[in-house]
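Residue numbers (UniProt numbering), protein chains in the order written: chain A, 1 to 228; chain B, 1 to 228.
The beta-carbon is built from N, C-alpha and C at its ideal position, and this holds for glycine as well.
Have a look at the structure below, then the notes.
There are 2 protein chains.
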Amino acid sequence: MAFKNPLFTVDSVLFTVHNNTLKVLLVQRAEAPFLGQWALPGGFVDVDQDANTDATAHRKLRDKTGFTPQYLEQLQVISGAQRDPRGYSVTLAYYALVAHQNVSPKIASVALAQWIAVQDLPQYTLAFDHAHIIALAQARLQQKTLYSMIPAFCLPERFTIAQLQQVIETIIEKPIQRKSLMRRLEASDMFAALDEKTSSGGRLAQLYSIKAGADLVNFERNLMAKDE
Amino acid sequence: MAFKNPLFTVDSVLFTVHNNTLKVLLVQRAEAPFLGQWALPGGFVDVDQDANTDATAHRKLRDKTGFTPQYLEQLQVISGAQRDPRGYSVTLAYYALVAHQNVSPKIASVALAQWIAVQDLPQYTLAFDHAHIIALAQARLQQKTLYSMIPAFCLPERFTIAQLQQVIETIIEKPIQRKSLMRRLEASDMFAALDEKTSSGGRLAQLYSIKAGADLVNFERNLMAKDE
DNA sequence: AGAATAGTGTCTGTTAGACATTATTAA
DNA sequence: TTAATAATGTCTAACAGACACTATTCT
Numbered sequence: 001m002a003f004k005n006p007l008f009t010v011d012s013v014l015f016t017v018h019n020n021t022l023k024v025l026l027v028q029r030a031e032a033p034f035l036g037q038w039a040l041p042g043g044f045v046d047v048d049q050d051a052n053t054d055a056t057a058h059r060k061l062r063d064k065t066g067f068t069p070q071y072l073e074q075l076q077v078i079s080g081a082q083r084d085p086r087g088y089s090v091t092l093a094y095y096a097l098v099a100h101q102n103v104s105p106k107i108a109s110v111a112l113a114q115w116i117a118v119q120d121l122p123q124y125t126l127a128f129d130h131a132h133i134i135a136l137a138q139a140r141l142q143q144k145t146l147y148s149m150i151p152a153f154c155l156p157e158r159f160t161i162a163q164l165q166q167v168i169e170t171i172i173e174k175p176i177q178r179k180s181l182m183r184r185l186e187a188s189d190m191f192a193a194l195d196e197k198t199s200s201g202g203r204l205a206q207l208y209s210i211k212a213g214a215d216l217v218n219f220e221r222n223l224m225a226k227d228e
Numbered sequence: 001m002a003f004k005n006p007l008f009t010v011d012s013v014l015f016t017v018h019n020n021t022l023k024v025l026l027v028q029r030a031e032a033p034f035l036g037q038w039a040l041p042g043g044f045v046d047v048d049q050d051a052n053t054d055a056t057a058h059r060k061l062r063d064k065t066g067f068t069p070q071y072l073e074q075l076q077v078i079s080g081a082q083r084d085p086r087g088y089s090v091t092l093a094y095y096a097l098v099a100h101q102n103v104s105p106k107i108a109s110v111a112l113a114q115w116i117a118v119q120d121l122p123q124y125t126l127a128f129d130h131a132h133i134i135a136l137a138q139a140r141l142q143q144k145t146l147y148s149m150i151p152a153f154c155l156p157e158r159f160t161i162a163q164l165q166q167v168i169e170t171i172i173e174k175p176i177q178r179k180s181l182m183r184r185l186e187a188s189d190m191f192a193a194l195d196e197k198t199s200s201g202g203r204l205a206q207l208y209s210i211k212a213g214a215d216l217v218n219f220e221r222n223l224m225a226k227d228e
């Protein structure tokens with residue numbers, strides 16, 4: 001076979017929500033090209049270690065955060081001759097979600113990894129076309145938030161409806177009706193109401209958790225069909 | 001970098017609808033492994049010819065059909081050590097749509113390519129995990145048919161609502177309401193009513209075509225939310 | 001006229017949006 | 001008691017499903 005095999009890498013856009021801000025995990029590149037610049041965590045498939053590319057994405061994230069994300073899904077492949085100075089490259093991008101407090105301590109200990117607010121990204125120069133990949137991932141996350149409970153994977157194990165609402169509103173950058181959220185939470189059958197409530201300044205709030213082994217439910221309609 | 005680069009290939013699941021049957025284009029493999037068996041059209045990226053992997057998919061389909069599909073979209077990456085006897089492999093699968101009469105004559109002249117009804121696939125032994133990839137593509141096509149006009153890309157340039165309805169019902173394997181389809185056709189603004197009608201046994205039917213440069217519209221709800 | 005197919009009118013069902021009302025807690 | 005937050009009740013809006021009805025064409 002006379003074909004030059006293009007470079008194949010796996011990169012992940014790991015999101016979290018903290019302080020009503022959507023953040024993405026970036027690492028400082030330790031080698032050329034783009035040495036020292038911020039980039040998505042990722043790298044080459046290790047054919048001896050990784051059962052498949054999902055395993056590659058998980059392994060690379062674990063190396064940087066010490067943790068496995070609560071949600072991980074393929075985004076898309078980006079490819080071309082110009083996007084990597086080393087030559088023609090093919091990158092499989094994933095996007096992932098994690099609760100902020102799950103990884104926060106670990107991150108702090110790795111000086112080369114850092115959460116950066118998506119809204120601040122214009123102030124950074126990212127390696128490769130990683131800014132573009134993050135934009136694709138954000139758009140996909142926003143879209144999926146309209147028809148699923150995917151934002152629940154940004155929350156700690158026990159959480160309130162108000163917390164879920166906050167995370168959703170942070171992701172889609174629009175307010176939603178609490179009532180609509182409660183209806184969906186009920187209908188999805190993904191969550192269990194715990195025998196516990198939590199104090200929040202007024203009436204105690206019911207705590208929920210994701211049922212063990214619950215699949216992500218897709219609703220038949222989107223929230224917020226209207227533009228504002 | 002000490003990593004063995006895995007094999008990277010691009011394969012496409014090209015669908016069409018003919019005689020109320022969903023069909024997929026398969027080609028007979030001309031080389032080992034799986035020599036002579038039916039497989040998806042695809043192959044290696046040619047870094048000198050292909051601007052990106054989309055171009056690879058297009059080129060491979062053009063080689064087999066002489067035509068460019070009306071619609072082409074990434075499906076997902078499938079990877080692992082066991083799926084190709086030559087070793088660890090990574091395949092980017094696309095799915096694509098074309099109007100049957102656009103490629104039919106060309107196919108006939110290429111003995112190595114053939115349309116096979118999806119419902120007949122259990123009778124065939126496909127190369128690699130291509131049967132699995134086709135199943136993934138079919139599921140995605142069905143899902144997307146519920147919230148977009150994607151089936152329009154299986155139709156000739158000028159078509160009637162009845163034809164569109166037939167194609168949709170073939171893809172999702174369920175009947176839909178003609179009225180609902182008309183409402184969506186109107187709302188989507190993707191189609192132009194031509195100054196022409198066509199005879200079909202009764203009242204003449206309005207002909208439509210996809211507006212030049214029209215983007216595929218996504219609706220806010222799915223059709224057929226109910227299971228039957 | 002009658003059969004066949006195209007297109008419309010309109011009522012129902014479901015679920016999201018809006019927002020008022022009630023419930024519960026801490027200070 | 002008051003402020004704050006949680007939860008519910010309920011009306012409206014949008015749009016898909018159902019299906020009757022009208023329109024147009026051919027034989």
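> Under 8 angstroms between the Cβ atoms of A/Tyr71 and A/Ser12?
Replying inline: To locate residue 71 of chain A, count along the first sequence from 1; it is residue 71. To locate residue 12 of chain A, count along the first sequence from 1; it is residue 12. No. Outside cutoff.
> How many angstroms separate the CA atom of A/His130 from the CA atom of A/Ala139?
Replying inline: Locating residue 130 of chain A in the first sequence gives position 130, where the first residue counts as 1. Locating residue 139 of chain A in the first sequence gives position 139, where the first residue counts as 1. When rounded, the distance between both Cα atoms is 14 angstroms.
> With 16 as the cutoff for other CB atoms within 10 Å, does A/Ala2 come out buried or exposed?
Replying inline: As a position in the first sequence, residue 2 of chain A is number 2, starting the count at 1. Reliability of the predicted coordinates at A/Ala2 is poor, the pLDDT of 47 falling under 50, and the value obtained from them is presented with this limitation in mind. It counts as exposed.
> Given that a residue counts as buried once 16 or more other Cβ atoms are within 10 Å of its Cβ, and exposed if not, what is B/Thr9?
Replying inline: Position 9 of the second sequence holds residue 9 of chain B. B/Thr9 comes out buried.
> Helix, strand or coil: which one does DSSP assign to B/Gln37?
Replying inline: For the purposes of this step, residue 37 of chain B is identified with residue 37 of the second sequence, where counting begins at 1. DSSP places B/Gln37 in coil when its eight states are reduced to three.
>> Between which residues of its own chain and B/Val45 is the CB-CB distance below 7 angstroms, once the five residues before and five after are set aside?
In response: Along the second sequence, one-based indexing puts residue 45 of chain B at 45. Excluding residues up to 5 positions away in sequence, Phe8, Val10, Thr53, Thr56 lie with their Cβ nearer than 7 angstroms to the Cβ of B/Val45 in the same chain.
>> Please report whether the beta-carbon of residue 229 of chain A lies at a distance below 8 angstroms from any beta-carbon of chain B.
In response: In the structure as shown, chain A starts at 1 and stops at 228, and residue 229 of chain A therefore has no counterpart that could be examined.
>> Can you pull the chain A neighbours of B/Lys4, defined as C-beta to C-beta under 7 angstroms?
In response: Position 4 of the second sequence, counted from the start, is the residue given in the question as residue 4 of chain B. By Cβ distance, chain A contributes Val47.
> What residues in the UniProt domain "Nudix hydrolase" (6 to 142) of chain B bring their beta carbon closer than 7 angstroms to a beta carbon of chain A?
Replying inline: Pro6, Phe8, Phe44, Val45, Asp46, Val47, Ala51, Asn52, Thr53, Gln74, Gln76, Val77, Ser79, Gly80, Ala81, Tyr88, Val90, Leu92
>> Against chain B, with Cβ distances strictly below 8 angstroms, would A/Glu169 count as a contact?
In response: In the first sequence, residue 169 of chain A corresponds to position 169, counting from 1. No, A/Glu169 lies away from the interface with chain B (no Cβ there is under 8 angstroms from its Cβ).
>> So B/Arg221 contacts chain A; which residues on that side make the cut at Cβ distance below 8 angstroms?
In response: In the second sequence, the residue the question calls residue 221 of chain B occupies position 221. In chain order: Glu220, Arg221, Asn222.
> How about A/Ile176 and A/Leu97: are their beta carbons less than 8 angstroms apart?
Replying inline: To locate residue 176 of chain A, count along the first sequence from 1; it is residue 176. To locate residue 97 of chain A, count along the first sequence from 1; it is residue 97. Result no, Cβ atoms of A/Ile176 and A/Leu97 do not sit closer than 8 angstroms.
> Alpha carbon to alpha carbon, what distance is there between A/Glu31 and B/Ala225?
Replying inline: In the second sequence, residue 225 of chain B corresponds to position 225, counting from 1. In the first sequence, residue 31 of chain A corresponds to position 31, counting from 1. With a pLDDT of 48 at B/Ala225, under the threshold of 50, the modelled position of this residue cannot be trusted, and the question is left open.
> Under three-state DSSP, which class holds A/Val90?
Replying inline: Here residue 90 of chain A is taken as the residue at index 90 of the first sequence, counted from 1. Looking at A/Val90 - three-state DSSP - the assignment turns out to be strand.
>> Just to confirm the assignment, what range does the beta strand (DSSP E) spanning B/Asp84 have?
In response: Numbered from its first residue, the second sequence carries residue 84 of chain B at position 84. No beta strand (DSSP E) contains B/Asp84, which DSSP labels as neither H nor E.
> Is the number of C-beta pairs between the segment 18 to 29 of chain A and the segment 114 to 126 of chain A that are closer than 8 angstroms three or more?
Replying inline: yes
>> Looking only at its chain, what residues have a beta carbon closer than 6 angstroms to the beta carbon of A/Arg221, apart from the 5 residues adjacent to it on each side?
In response: As a position in the first sequence, residue 221 of chain A is number 221, starting the count at 1. Here the set comprises nothing.
> What whole-angstrom Cβ distance do B/Lys211 and B/Met190 have, given they're in contact under 8 angstroms?
Replying inline: Residue numbering aside, residue 211 of chain B sits at position 211 when the second sequence is read from its first letter. Residue numbering aside, residue 190 of chain B sits at position 190 when the second sequence is read from its first letter. Confirmed, about 6 angstroms.
>> What would DSSP say about A/Glu169, mapped onto helix, strand or coil?
In response: Counting from 1 along the first sequence, the entry for residue 169 of chain A is found at position 169. Here A/Glu169 sits in helix by DSSP.
> Can you give the Cα-Cα distance for A/Thr65 and B/Cys154, rounded to whole angstroms?
Replying inline: In the first sequence, counting from the first residue as 1, residue 65 of chain A sits at position 65. In the second sequence, counting from the first residue as 1, residue 154 of chain B sits at position 154. Cα-Cα distance, rounded: 46 angstroms.
>> Using C-beta distances below 7 angstroms, list every residue in its chain close to B/Arg83, excluding the 5 sequence neighbours before and after it, in chain order.
In response: Numbered from 1 along the second sequence, position 83 holds the residue referred to as residue 83 of chain B. Correct list, in chain order: Ser89, Phe128, Asp129.
>> With distance defined between alpha-carbon atoms, name the residue in B/Pro156, B/Val17, B/Leu121 nearest to B/Gln37.
In response: Start at 1 with the first residue of the second sequence, and residue 37 of chain B comes out as number 37. When only C-alpha atoms are compared, the closest one is B/Leu121.
> CA-CA distance, B/Gly213 and A/Ser209?
Replying inline: Here residue 213 of chain B corresponds to residue number 213 of the second sequence, with the count starting at 1. Here residue 209 of chain A corresponds to residue number 209 of the first sequence, with the count starting at 1. Going by the C-alpha atoms only, they are around 46 angstroms apart.
>> Between the alpha carbons of A/Leu194 and B/Leu185, how many angstroms are there, rounded?
In response: As a working mapping, residue 194 of chain A is identified with position 194 in the first sequence. As a working mapping, residue 185 of chain B is identified with position 185 in the second sequence. So the alpha carbons of these two residues sit roughly 46 angstroms apart.
> Candidates B/Val103, B/Leu164, B/Leu181: which alpha carbon is nearest B/Thr68's?
Replying inline: Within the second sequence, numbered from 1, the residue matching residue 68 of chain B stands at position 68. It is B/Val103 whose Cα lies nearest to the Cα of B/Thr68.
> Is the Cβ-Cβ distance between B/Ser148 and B/Leu216 less than 8 angstroms?
Replying inline: Residue numbering aside, residue 148 of chain B sits at position 148 when the second sequence is read from its first letter. Residue numbering aside, residue 216 of chain B sits at position 216 when the second sequence is read from its first letter. Their beta carbons are under 8 angstroms apart, which means B/Ser148 touches B/Leu216 by this criterion.
> Measuring CB to CB, does B/Thr21 end up less than 8 angstroms from B/Thr170?
Replying inline: Stepping through the second sequence from its first residue, residue 21 of chain B is reached at position 21. Stepping through the second sequence from its first residue, residue 170 of chain B is reached at position 170. It is a contact, given that the beta carbons lie within the stated cut-off.
>> Contact defined as beta carbons within less than 8 angstroms: I believe residue 231 of chain B pairs with B/Ser200. What is the distance between those atoms, to the nearest angstrom?
In response: Any property of residue 231 of chain B remains undetermined from this structure, which presents chain B solely from 1 to 228.
>> Give me the DSSP bridge partner(s) of A/His18.
In response: If you number the first sequence from 1, residue 18 of chain A lands on position 18. In DSSP, A/His18 forms a bridge with A/Thr21.
>> What would DSSP say about A/Arg59, mapped onto helix, strand or coil?
In response: As a position in the first sequence, residue 59 of chain A is number 59, starting the count at 1. Residue state, collapsed to three classes: helix.
> Is the beta carbon of A/Ala93 less than 8 angstroms from the beta carbon of B/Val47?
Replying inline: The residue you call residue 93 of chain A lines up with position 93 of the first sequence. The residue you call residue 47 of chain B lines up with position 47 of the second sequence. No, they are not a contact pair.
> In the structure shown, what three-state DSSP assignment does A/Gln123 receive?
Replying inline: Within the first sequence, residue 123 of chain A is the residue found at index 123, counting from 1. Note: A/Gln123 maps to helix in three-state DSSP.
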